[in-house]
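Enquirer: Numbering (UniProt numbering), first residue to last: 1 to 138.
Below you'll find the structure I mean.
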Amino acid sequence: FVLWWITVLNIAAPSETLTQPDSVTVQPGHTLSISCTVSYSVSSYYTAYIRQPAGKALEWIGYHRAGQTLYLKDSLKNKFKINADSSSNTVTLTGQNMQPGDTAVYYCARYPQSLREYVELYKNIRACESHKPPEGAI
Numbered sequence: 001f002v003l004w005w006i007t008v009l010n011i012a013a014p015s016e017t018l019t020q021p022d023s024v025t026v027q028p029g030h031t032l033s034i035s036c037t038v039s040y041s042v043s044s045y046y047t048a049y050i051r052q053p054a055g056k057a058l059e060w061i062g063y064h065r066a067g068q069t070l071y072l073k074d075s076l077k078n079k080f081k082i083n084a085d086s087s088s089n090t091v092t093l094t095g096q097n098m099q100p101g102d103t104a105v106y107y108c109a110r111y112p113q114s115l116r117e118y119v120e121l122y123k124n125i126r127a128c129e130s131h132k133p134p135e136g137a138i
């Protein structure tokens with residue numbers, strides 16, 4: 001089986017939170033579903049999903065805001081969908097036909113609204129790297 005280790009990432013103000021499950025296990029060929037419940041309005045801000053395979057660079061999957069256009073990386077459009085539900089303030093990433101090559105740390109984050117927030121996002125992801133599970137757990 002393939003194990004995805006899910007890490008919570010919060011780049012917003014201290015009063016805002018993003019909550020995901022600690023980990024998700026998916027059989028190869030099956031569907032991945034990760035829900036991120038947030039304290040801000042998913043109708044007002046975009047929420048992004050980002051992944052980082054072990055030893056590799058960060059990869060933006062896409063971002064979505066309730067009632068707005070969904071943006072996905074071109075090469076991942078047939079693999080992932082993101083849905084923002086304003087009634088529950090939940091943003092869900094769904095991945096189809098998941099394979100061992102999709103094993104990664106998956107982050108949800110409020111999409112940056114400014115250059116300063118892009119810098120904060122980068123710093124927070126780097127800080128999260130020190131909290132990754134031990135090798136072999138991914």
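Note that the Cβ used here is the ideal one computed from N, Cα and C, for glycine as well.
Given Lys81, which residues of its chain have a CB within under 6 Å of its CB, disregarding the five upstream and five downstream residues?
Expert: The sequence position of residue 81 within the sequence shown is 81, counting from 1. Correct list, in chain order: Thr94.
Enquirer: Do Tyr106 and Tyr46 have their beta-carbon atoms positioned less than 8 Å apart in this structure?
Expert: As a working note, residue 46 is residue 46 in the sequence shown. As a working note, residue 106 is residue 106 in the sequence shown. Against a cut-off of 8 Å, the Cβ pair of Tyr106 and Tyr46 comes out as no contact.
Enquirer: Kindly list the residues whose CB is nearer than 6 Å to the CB of Val38, restricted to its own chain and excluding five residues on each side of it in sequence; keep chain order.
Expert: For the purposes of this step, residue 38 is identified with residue 38 of the sequence shown, where counting begins at 1. Correct list, in chain order: Leu18, Asn89.
Enquirer: Return yes when the Cβ of Asn78 is within less than 8 Å of the Cβ of His64, no when it is not.
Expert: In the sequence shown, counting from the first residue as 1, residue 64 sits at position 64. In the sequence shown, counting from the first residue as 1, residue 78 sits at position 78. Contact flag unset, no.
Enquirer: Determine whether the beta carbon atoms of Ile125 and Leu32 lie at a separation below 8 Å.
Expert: Taking the first residue of the sequence shown as position 1, residue 125 is located at position 125. Taking the first residue of the sequence shown as position 1, residue 32 is located at position 32. In this structure, Leu32 does not lie closer than 8 Å to Ile125 by Cβ.
Enquirer: Buried or exposed, going by whether 16 or more other CB atoms sit within 10 Å of the CB of Gln99?
Expert: Indexing the sequence shown from 1 puts residue 99 at position 99. Exposed.
Enquirer: If residue 140 sits next to Ile34, beta carbons under 8 Å apart, how far is it from one beta carbon to the other, in whole angstroms?
Expert: Any question about residue 140 goes unanswered here, given that the chain covers just 1 to 138.
Enquirer: Residues in its own chain within less than 7 Å of His30 by CB, not counting five upstream and five downstream?
Expert: What you label residue 30 is simply residue 30 of the sequence shown in a count that begins at 1. Counting only Cβ-Cβ distances below 7 Å, and skipping sequence neighbours, we find Met98.
Enquirer: Whole angstroms is fine: what's the gap from Tyr122's alpha carbon to Gln27's?
Expert: Along the sequence shown, one-based indexing puts residue 122 at 122. Along the sequence shown, one-based indexing puts residue 27 at 27. Their backbone Cα atoms lie some 30 Å apart in a straight line.
Enquirer: CA-CA distance, Ala54 and Ser86?
Expert: Start at 1 with the first residue of the sequence shown, and residue 54 comes out as number 54. Start at 1 with the first residue of the sequence shown, and residue 86 comes out as number 86. Computed Cα separation, rounded: 33 Å.
Enquirer: Please name the residue, chosen from Pro21, Gly62, Gly67, that lies closest to residue 140 on a Cα-to-Cα basis.
Expert: The structure shown has nothing for residue 140, since the chain only spans 1 to 138.
Enquirer: Assign Arg116 to buried or exposed, taking buried as 16 or more other Cβ atoms, counted over all protein chains shown, within 10 Å of its Cβ.
Expert: In the sequence shown, counting from the first residue as 1, residue 116 sits at position 116. So Arg116 counts as exposed.
Enquirer: Three-state secondary structure (DSSP) at Asp22?
Expert: Along the sequence shown, read from residue 1 onward, the residue named residue 22 stands at position 22. It is coil, neither helix nor strand.
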